[in-house]
Amino acid sequence: MAVTWHYVLKFIITGDAAVGKSSLLVRLTDQRFLSNPDPTLGVEFGSKLIEIPEEGKVVKLQCWDTAGTESFRSITRSYYRGAAGCLLVYDVTSRSSFTNAQSWLADVREHADPHLTCILVGNKVDLCEEGTEGTSSHKRREVPTEEAERWAEKEGLLFVEASAKSGRNVDSAFEAASRDILNKIKRGA
Ligand code: GDP
């Protein structure tokens, strides 16, 4: 029988409420965006096959979202168990969501496997794109790219800015993290 995938990788998506975690998951698995998602119906789980051509491998992503529980800080050890990758999400128009990413990272480091690959994702870049100033779809950027880049480098995280709304860099965030994980597997880490 033909191989449909070579690896199954568990990903978790963490970060403050309303930064766009469910929206990134829906964009990845369903290629759509909901501008008014029901906050009580957080998407919990999504799965997608992606190809990593450089490695000649097909990876099945199994992604878990905190589905609203982040406000209760009730994320348990079982959520992190077996995760190979983590999307640590903040909103580029919310300074507090970036500041809080530090405590989310501390949580990940405390509970997850030490080899876990973590990618910092600055979401909602569509809101502060040039040309949108003065329109209702514009919001001021509160986290400069360079600052997030520096912090990611210091903490050993991959980094990307993305938009669940436009789809920009959503697939590539998961691909970059998966590539890193496959490299670790190859090196026997
Ligand atoms: P979660 O609580 O982190 O899962 O966040 P949601 O995915 O529920 O998103 C919170 C709000 O932000 C919703 O109104 C989304 O439509 C909106 N949102 C999410 N991602 C984006 C994005 O990339 N751009 C814009 N403009 N809005 C977004």
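Using this note's numbering, you'd call the opening residue of the sequence shown number 860 and step up by one each time.
For each residue, glycine too, the CB sits at the ideal point set by N, CA and C.
Bear in mind that the values here come from a model prediction, so they are computed numbers and not experimental data.
For residue i, the residue or residues it bridges with in DSSP
i: Q921; result: K869, S906
i: L946; result: I872, I978
i: V1019; result: V980
i: K916; result: I911
Beta-carbon proximity of residue i to residue j, cut-off 9 Å
i: A1036; j: F904; result: no
i: A943; j: D972; result: yes
i: I872; j: D924; result: yes
i: C977; j: L1017; result: yes
i: V1029; j: S953; result: no
i: V1014; j: L964; result: Per the sequence shown, the amino acid found at residue 1014 is Glu instead of Val. Their beta carbons are under 9 Å apart, which means E1014 touches L964 by this criterion.
i: K1024; j: F892; result: yes
i: L979; j: A1007; result: yes
i: T1004; j: E1020; result: yes
i: A1032; j: L883; result: yes
i: Y865; j: K907; result: Contrary to the premise, residue 865 reads as His rather than Tyr in this sequence. The answer is no: Cβ separation not under 9 Å.
i: G1026; j: V948; result: no
i: G1047; j: A960; result: no
i: L1041; j: E910; result: no
i: D985; j: T994; result: no
Terminal residues of the alpha helix (DSSP H) in which residue i lies
i: E1005; result: 1004-1014
i: L1042; result: What sits at residue 1042 in the sequence shown is Asn, not Leu. Run containing N1042: 1029-1046, per the alpha helix (DSSP H) assignment.
i: F829; result: The structure shown has nothing for residue 829, since the chain only spans 860 to 1048.
i: K880; result: 880-889
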